[in-house]
Structure formats: C-alpha cells, structure tokens
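The opening residue of the sequence shown carries number -7 in the numbering used here; numbering runs sequentially from there.
Even for Gly, the Cβ is constructed at its ideal location relative to N, Cα and C.
To start, the structure under review is shown below, and the notes come after it.
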Amino acid sequence: MLPNIGLFSILGVAAALFLPGYGLWRSLRFSRARSLLFAPLGSAAVLGGLAMALGLAHIPWNWGTVLGGCLLVWLVVAALMVLGRRRREGSSEVGWRERCRAVYRQSVDAEHRIPWHGLLVALLSAGTGGYLISTRLRELMSGAGSFPQRFDVLFHLNAVRFILETGNASSLNLGTMISPDKSFAFYPSLWHSLGALAMQTTHDDVFVVTNAVVLVVCAVVWPLAIVTAVGTITGFRPLPLITAGVGSAAFSSFPFALLNYGPLLPNILSLSLLPLAVAVMASITAVTPRLPAGAGQRIIVILAALGALGVAQPNALATLMVATTLMVVCRSGWRVRRAAENFTHPCLVRVSRAGRYYRKLMLGTIVILLTIAAFTVIWSVLQTDYNRPSDTGLTTAVGQAVLLAPNGRDEIPWAFAIGSLLGLIVAIWRRKYLWVALVHVSTLVLYVYATGAPDDPFRTWLVGPWYEDSSRLAALLPMTGVMLTAIFVVSVADVFFPRHIASDRVMRWRAPSELVLAVVLCILMLPATQEAPFRHMDVYLRDAFRIDANSFGLTPDEYELLKRVDQSVPEDALIGVNPWTGASLAYSVADRHVTSPHIFTHLSPAEAVVSRDLGDTSKSAETCPAVNESRIDYVLDFGDRALIPDTPDWDDFPAYTNVHDVPGDHYEEVDRQGGSVLYKVVGCD
C-alpha cells in the first residue's frame, strides 16, 4: 500500500468498485465466489448506468444517491429473476470432494461454481500481483501529492472537480467541460466519477484521490481480472493462477506505460476490466464451460459487460468485439468440422439422420458468415478521425510484438515472451484453447499494423478504433501473453498430472504437489520478471511523477501558488490561463474556474480575443468589451514551459504567457511564488 495516500480514499474507491457489482451478480443468482471475482465488471456497469440515469434526472451524484440506485437495480434484477425462474429438475447438491476434483477436469464444476480452494488460490495470486505492482508504484511516486505530469492529466484532474461542482457524473455530460456550447458531449466518465465519490467522502485533495484510484485499479482490479480470466480458461488451479498473478506485474507496457503516456487513465481502467469481459463472453459463447443461465440472465450479463467497457473507455469495446467474433467463429467452426467429418464418413451417419448433418453444416457456415459480416459493418462505424503515421519498420514491429516488448523497448519480459510462444503452439494444438491463440495473433497483427505498416486506407480502417495509436494496442499484449503462458504451464502440468486421474487417493498428493510447484514457480519467476523488464520504465515514471524545478509540468513554485489561488480569487471569478503550462489545474486544485480546463477546450469568441490581445495596447478598444463579455477577472501566468516541449500551439495564449514582458496596463499583480504570478485584470471597468 502506498504511504501517505488517504486510507479512506482507497477504501472508498475499492468499495465503489466491488459492492455494486457483487450485489448485481448475486441478484442474478450467481455463486458468491463468482460474484466476488467479477464484481468490478458489474460495478462499472451499474455505476456507469446510474450516472447517466441520475444525470438525465438532474439528481446529484453522491454516495446516498448511488447506494439508493444500486439497491433499486438489485431489487429490479432480483424480481426479474424470480419472475423468470424455472424449476430445475434432477439437480442435487455436489459434495465438496467432487467439486475439488472437478476443477482438475474442467475450469468449474457441474453447477459452474468455483471451488473454495480455487477462490482462495485466485485471491492469493491476485494479491501477489497487487503487492508487486503497489510496491513499484510506491517507489515511483514521491508522495501522495505527486501525479503523472503529462498533458492529459489536466483533463482528468479537472474532470473530477467538474463532477463535484455540477453533481453530474454522466458520460453524456462530461465532455461539456471542454465543449460548453453543447448540451451533450460524450466522454467516458467512470474513472472520474470514482474519484468524485472518494473526494466527497474523505475531503482529500484531487491528487490524493487520483492516486487512490490508480492504486486500486492497477494493484487490485487488474491482477484480479487477469487471474479470474485465466482461471475461467484453464481451471482455478494453483499453477496457472500464480502464473497469472505474477504476470500481471511483469510487463512495463501495462499498466505502467499508460501512466507515463497520456496518462491514459480511463484506458487503464477499461483494460483492467477487459479480462473479466473476455471471460464472460467466453462462457456465453461456450468456448469455455457454458454459463448455466437462462436467456434473460445472459442478456443482462452481456449488456453489463458492454456497458462497463463503454463507460470506462470504448477502446476496450473494440478489443472485446474482436475477441467475441473469434470466439463465435471458433465455436461455429468446431460444429462445421464435426458435421463435415460425419458427412464425409457415411459409415458414421445413420440414413435417418443425414439431413441433420446437412443442417448443422449449413447453420454453422451461415453463423460464421453473418458474424464476419456484422463485424465488418460495426467496425466501419467505430472509425475515428485521428491520423498517426507509423514510425517503425514492419520487421521491427513484428519482433517487438512477438517478444511482448512494444514501442521500441529493449525490456523484454523473457519468461512470458517464451511462455507465450510455447503457449501459442499448445493453444493451436489443443482445440479448446484455439480461440486464445487467435485473439493473441489478432492483437499482434493490430499492433504491427499500427506501428510498422504504411499509412493507407486499410491501416486506417483496421486500427482506427484505437486512434491508430500503437501505445493503446501495446497495452493489450500482456493480457493475451499471460493467458498463453498460463495455458502452457497448465498443459505441462497435465502431462505429469493427467486430468482423468482425480481419485481420492491421487487427490491426497496431487493438489498439495501442484501448490508446492506453484510456490516454486513463483519464486523462480519473480527475479526474471521484476528487474530487467523495468530498467527504463522506472526512470520514465519517476521523471513523470516528480515535482521539482526540472519536472515536465508543475514546478514547486507553481504548485505552491496553485494551493493559494482560492485565497485571492473569489468563487465566481474566471481565470485566464495558458493550458499548455499546467495553469489549468487551478480548477481542480483551488476550485476556481479557468478559461481552458483542458488544452482542447473550445473558447468563446470573447475568450479567444482576450487570450490574444489583452496585452496589446493598440487593441484596447476591442479587448475591454471582450473582457467584460467573458468576465475574465484574473490571469495565472506560469511562464513559457509547455507540458509538451516544442509544441506549435503552446503560444496561442500570448496574453497569459510571460505577462511581465507584455506592455500595457491591464495587469495588476496579486500573488507571486518565484516566477509564477497571479494577476488581476484591470483597466476595463
């Protein structure tokens, strides 16, 4: 656990990410173990849906309304389950011995329940990964007040303040913070709504709350999600689960790289939830043991998975769409193959059943064709307007993808790079894991195209849903890499511990033996995964989180002045800022309105005039009416250091930059900390 980060903020975020989802799954009559493991996915769906509903109803976002809304959702879902319940004939309680043995034959028992020892191992494995991740974050963060000083952090911190101020956490409303002229502007708000809930309860500052969300998502949700997904695929056995737990902390490309790049905080949340959504869709499509649920339950589960990723960050929806398409194709392909084999071997087919195999063959083929057609149509709708040309050779990109060391990193996680290659071979050989191999290969292809393919319309169509951004696609590689490595490990274990041998006598030594081997494997993997793969990433993140005279964003002087702004600026005042210098954080830190909460804020015509011409004495006749119309009362000058050095747009705000060099009499100094100055706009009364 990170020092100096408010314990109550951490507990508040954790409660928000587990309680709503646990109640949802229990209302759907899922087991306690499954409800706990999949709770973050359900919580994301419930909170995202509640935020939209409360926003449309103009009901404020706080713990009271959230808990009331959760209770209402649980009651409605439970009522639907009672109305749609069918009597189950011939069901009987499965003994605990049989449930323990079943996990070595398949991933769950006949009732699709996770055995207690499987749940315990899963939690311990996720705890191992969480401890490794939180320890690394502790070393990288200088304190609770530090934050990744990259330009996207302006939006994310200010978005938390925006939700607190407006009481509206809806994804349909958050985009209006930077587009105030619109009634609705979509931006995924789940991350920020979690921070707002924690901030309301604890009154910690926005930096502490943001770090609490980072900690819970990276060190709790992500390890638990990947361990649960692996357990769903291979069975809740010690060897694959501990592999997944260690693997969650073995890659610099996720979650650590996204803290440095952007930071893409909503992407971290959505990709942390993605393994749970993949596990859900695998159970629905029956490429893993089919979820024993009615049509209504399955529809609710699917909607919850899609909604959770949509309100977290829709990039993950595109990934889930690819994975689900491959699952359906695999499942239908198996049926087509079986029908074709029976058709080509007449001796295996009864004359009376020949038509049955024709129907199966045609139905499977039609499902495959319709799935591919639907994928193509929906994919075309998901396109974006971003254009990021590739900057790496094609062969280099292939090498980076195969070795799970994307974006030019020489930090190769050798244990999982080799394990994923061996697991790929095993997954192709063992038919039930083929879909995992296809998902991994598709991820490699997407990354290679984003990184090394020439800029053409097909590349734009293929990787457009990820904004043609190789860093977003690189963050997908750890998920499939860990899954394939776990498949290889469990396949090796099955050679020495065949699944069909699960008698009481064998169980006396089999389960303890696997547990001992899992501990040994963990000890061997730790040094191979926690040092070399992070040589450069640790340096990058330490630089991103530091606050000193040479930091990328705020300097100590600027930070101190921000904390005093509310003492000099009235609550109803508006501060003119150059967002490229980090001065926009006056909104989140001091709770005072600024002209640009983010770099891409749409300024009104009057605000644009003031930002250009306030210091130009020759344009005072035009500037003063604009000042009065926009009601800009103060200017916060943080000099000319931009969050992105050498960017061509940083000097679009000359009236707010290096004001001491600007001629004219419209500035009156109010407060100063070193070279950072707060001015009052005067001379336009």
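- prompt: If you count every other CB in all the chains shown that lies within 10 Å of the CB of Gln141, and 16 or more means buried, which is it?
  reply: buried
- request: Starting from the C-beta of Leu124, find all residues in its chain whose C-beta is less than 6 Å away, skip the five residues before and the five after it, and write them out in chain order.
  value: Ala241
- request: Have a look at the DSSP bridge pairing and note the partners of Asp629.
  value: Val669
- request: Please list, in chain order, all residues of the same chain as Glu661 whose beta carbon is under 7 Å from its beta carbon, the five residues on each side excluded.
  value: Val669 and Tyr671
task: Report the three-state DSSP secondary structure of Trp88 (helix, strand or coil).
output: Residue confidence for Trp88 is low, a pLDDT of 49 falling below 50, so the modelled location carries little weight and cannot support an answer.
query: Which partner residues of Asp663 appear in the DSSP bridge assignment?
result: Leu670
- prompt: Does the distance from the CB of Leu468 to the CB of Ala269 come in under 8 Å?
  reply: no
- prompt: Quick one: is Asn542 buried, meaning 16 or more other Cβ sit within 10 Å of its Cβ, or exposed?
  reply: exposed
query: Would a C-beta distance cut-off of 8 Å place Gly159 and Pro281 closer than the cut-off?
result: no
- prompt: Comparing alpha-carbon positions, which option in Ala397, Phe408, Arg290 and Glu621 lies nearest Leu20?
  reply: Arg290
task: Please state whether DSSP places His585 in a helix, a strand or coil.
output: strand
field: Stretch pair the region 213 to 232 + the region 434 to 447: three plus CB contacts closer than 8 Å
entry: no
query: CB Val627 to CB Tyr659, shorter than 8 Å?
result: yes
query: Any idea what DSSP makes of Leu396, helix, strand or coil?
result: coil
- request: Would you check if the distance between the CB atom of His184 and the CB atom of Leu166 is smaller than 8 Å?
  value: yes
- prompt: Does the distance from the CB of His590 to the CB of Ile170 come in under 8 Å?
  reply: yes
- prompt: Who does Gly568 pair with in a DSSP beta bridge?
  reply: Val627
Endpoints, alpha helix (DSSP H) assigned at Ala151: Val145 to Thr158
task: Tell me where the alpha helix (DSSP H) around Ser603 begins and ends.
output: Pro597 to Asp605
- request: State yes or no: is the C-beta of Ala190 within less than 8 Å of the C-beta of Ala204?
  value: yes
- request: Kindly list the residues whose CB is nearer than 8 Å to the CB of Ser264, restricted to its own chain and excluding five residues on each side of it in sequence; keep chain order.
  value: Pro32, Val209, Cys210, Val213, Trp214, Ala217 and Pro247
query: Over what stretch of residues does the alpha helix (DSSP H) that includes Trp458 continue unbroken?
result: No alpha helix (DSSP H) contains Trp458, which DSSP labels as neither H nor E.
query: Which of the three DSSP states, helix, strand or coil, is assigned to His195?
result: coil
field: Rounded C-alpha distance that separates Ala680 from Gly15
entry: Residue 680 is absent from the model: the chain starts at -7 and stops at 677.
query: Ends of the alpha helix (DSSP H) at Cys616?
result: Ser612 to Ser622
message: Am I right that Gln305 and Leu374 are in contact with their C-beta atoms under 8 Å? What's the rounded C-beta distance?
response: 13 Å between Cβ atoms; not a contact.
Cutoff 6 Å; reference Thr452; Cβ partners in own chain excluding five residues on either side: none
query: So Ala70 is in the alpha helix (DSSP H); what residue range does that whole segment cover?
result: Trp55 to Leu75
- prompt: If Pro398 sits next to Asn307, beta carbons under 8 Å apart, how far is it from one beta carbon to the other, in whole angstroms?
  reply: Pro398 to Asn307, Cβ: 16 Å. No contact.
task: Write down the C-beta distance between Gly137 and Phe178 rounded to the nearest angstrom, noting that I regard them as a contact closer than 8 Å.
output: That belief does not hold up - the Cβ atoms of Gly137 and Phe178 are roughly 31 Å apart, past 8 Å.
Gln559 classed as buried or exposed, judged by whether at least 16 other C-beta atoms fall within 10 angstroms: exposed
- request: Report yes or no: do the region 248 to 255 and the region 506 to 519 share at least 3 C-beta pairs separated by less than 8 Å?
  value: no
query: Comparing alpha-carbon positions, which option in Val651, Asp608, Thr277 and Pro470 lies nearest Ala407?
result: Pro470
field: Distance CB(Ala598)-CB(Glu621) smaller than 8 Å
entry: yes
- prompt: Near Ala8, what residues of its chain come up, given a Cβ to Cβ distance below 6 Å and the 5 sequence neighbours on each side ignored?
  reply: Leu186 and Leu189
message: Please state whether the Cβ-Cβ distance between Glu552 and Gln392 is less than 8 Å.
response: no
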